[in-house]
Amino acid sequence: MAGALRIAVLKERAKGETRVAATPETVKKFAALGASVAVEEGAGASASISDGEFSAAGADIAPAASVLQGADIVLGVQGPDPAVLQGANPGAWIVAGLDPYGQRGRVDAYAAAGVEALAMEFMPRITRAQSMDILSSQSNLAGYKAVIEAANIYGRAFPMMMTAAGTVSAAKAFVMGVGVAGLQAIATARRLGAQVSATDVRSATKEQIQSLGAKPIFVESVAGIEGEGAGGYATEMSEEYQKAQAELVSAHIAKQDIVITTALIPGRAAPRLITDAQIATMKPGSVIFDLAVVQGGNVEGSVADQIVERHGVKILGYSNPPARLPADASALFARNLYNFLSAFWDKEAGKPVLDEEIGNAIRLTQGGKIVHERLLGA
């Protein structure tokens, strides 16, 4: 690449997307590596970052067409429309959350455009890649936001309160799925004063649940339900386990005031955890927050970005929870991207050079072709 490597940051165009893929902090860090950064006008406005702050950090501020001109790397929160990439260098990298399964047509268009698309959500869950993991950083905020929103529409207080007029009982909160989002949901509900319980298909999470002061709810009578697949992701449960879990959850859920569901399986529809019949057993005024609503939902009847009332129970779920905390979500996302690119920075080449382990895990397109094994033949 002739001259300094050029990094372009576009304003997000997806509906409801408030985040931005760079911050003044990461702009300065990229400059320290020897790269130049160009940011589209207004890219950070919805995340409370002004053009002036980006400019003061050393970024060039310009319209999209100028920002993309000669770009070697394009950073995004969500994948940019291939049609807007004109002007970027041949073989330029697109580094973003690309939703390869849900946006396969866009991935094909990236291949046709000759760009190298790197899907950050495919980052392997290994120790050295933890600081690059956008799913973890954004899920952490999603788990927090789910509890805050549930508390907001719940018609009672979370903590136990002893007053001269009598005692207010603590809310009972149940978290289903103890990944990053679930763990943060447990911690947040505990901080708000709720009595918290949680469950997961992975038996190894019992200790994590207990370490946060919550009560683990697990099926004990069915063997072979470790539930953990490659890369630390949950896998689908056996029919025997699903039946046993449904019975246990049905008995437990009827006593709960707040339920947070977080179960997702990459590339698959979200598993159904709560049926309409189970909702009917809950107390009127209870709240369920479905963090998996975009992938079909863990809860029967949940609708993205709407509060649905069934049997007196309010059910809600956001299509993009991190976008409702844009400043913090952008800061963490931008650091993930910087940590990724800087980890592979070759000083002599003046650009990042990926290794096979991570490169092959996240690279979707290269040389005009789809190259990722999960997408080949799909």
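Residue numbers (the working numbering): 179 to 556. Where a beta carbon is used, it is the ideal one built from N, C-alpha and C, also for glycine. It should be emphasised that the depicted structure is a prediction, and the values quoted were computed from it without experimental measurement.
Residues near Y279 in its chain [Cβ-Cβ closer than 7 Å; skip 5 each side]: The sequence position of residue 279 within the sequence shown is 101, counting from 1. Closer than 7 Å at the Cβ level, and outside the excluded window around Y279, lie G445.
Check whether I297 and L313 have beta carbons under 8 Å apart: Translated into the one-based positions of the sequence shown, residue 297 becomes position 119. Translated into the one-based positions of the sequence shown, residue 313 becomes position 135. At residue 297 the sequence reads Ala, which differs from the Ile that was named. No, they are not a contact pair.
Per DSSP, the bridge partner or partners of R380: Taking the sequence shown and counting its residues from 1, the one referred to as residue 380 is at position 202. Note: R380 sits in no beta bridge, so no partner.
Neighbourhood of I239 by C-beta distance below 7 Å, restricted to the same chain and skipping five residues each side: Here residue 239 refers to the residue found at position 61 when the sequence shown is read from its first residue. So the qualifying residues of the chain are V217, E219, D229, F232 and S233.
A458: first and last residue of the uninterrupted alpha helix (DSSP H) it sits in: Counted from its first residue, the sequence shown places residue 458 at position 280. According to the DSSP assignment, A458 belongs to the alpha helix (DSSP H) that extends over D454 to A458.
Which listed residue (Q256, A186 and V245) has its alpha carbon closest to that of F511: Residue numbering aside, residue 511 sits at position 333 when the sequence shown is read from its first letter. Closest by alpha carbon: Q256.
From D378, R334 and V379, residue whose alpha carbon lies closest to that of L370: Within the sequence shown, the letter at position 192 stands for residue 370. Comparing Cα positions, the closest option is R334.
C-beta atoms of G495 and R488 nearer than 8 Å: Along the sequence shown, one-based indexing puts residue 495 at 317. Along the sequence shown, one-based indexing puts residue 488 at 310. No, Cβ-Cβ distance for G495 and R488 is not below 8 Å.
Check whether K350 and Q456 have beta carbons under 8 Å apart: The residue you call residue 350 lines up with position 172 of the sequence shown. The residue you call residue 456 lines up with position 278 of the sequence shown. Not a contact, by the Cβ cut-off of 8 Å.
Cβ neighbour criterion (16 or more within 10 Å) applied to Q558: As shown, the chain starts at 179 and ends at 556. That puts residue 558 outside it, with no answer to give.
Whole-angstrom distance between H430 and I304, CA atom to CA atom: Locating residue 304 in the sequence shown gives position 126, where the first residue counts as 1. Locating residue 430 in the sequence shown gives position 252, where the first residue counts as 1. The straight-line gap from Cα to Cα measures roughly 35 Å.
Selection from A432, T345 and I272 that minimises the alpha carbon distance to K461: Locating residue 461 in the sequence shown gives position 283, counting from the first residue. The residue among A432, T345 and I272 with its C-alpha nearest the C-alpha of K461 is A432.
Integer Cβ distance of G321 from G265, believed to fall under 8 Å: Taking the first residue of the sequence shown as 1, we reach residue 321 at position 143. Taking the first residue of the sequence shown as 1, we reach residue 265 at position 87. By a beta-carbon distance limit of 8 Å, G321 does not contact G265. Their separation comes to about 39 Å.
Cα-Cα separation between A501 and Y419, rounded to whole angstroms: For the purposes of this step, residue 501 is taken as the residue at position 323 of the sequence shown. For the purposes of this step, residue 419 is taken as the residue at position 241 of the sequence shown. For A501 and Y419, the distance between alpha carbons rounds to 35 Å.
Limits of the unbroken beta strand (DSSP E) element including S214: The residue given as residue 214 occupies position 36 in the sequence shown. In the DSSP assignment, S214 falls within the unbroken beta strand (DSSP E) covering S214 to E218.
V549 versus A235 - alpha carbon distance: Here residue 549 is taken as the residue at index 371 of the sequence shown, counted from 1. Here residue 235 is taken as the residue at index 57 of the sequence shown, counted from 1. Taking the straight line joining both Cα atoms gives about 36 Å.
Per-residue DSSP class, three states only, for V549: As a working note, residue 549 is residue 371 in the sequence shown. Of the three classes helix, strand and coil, the one that applies to V549 here is coil, per DSSP.
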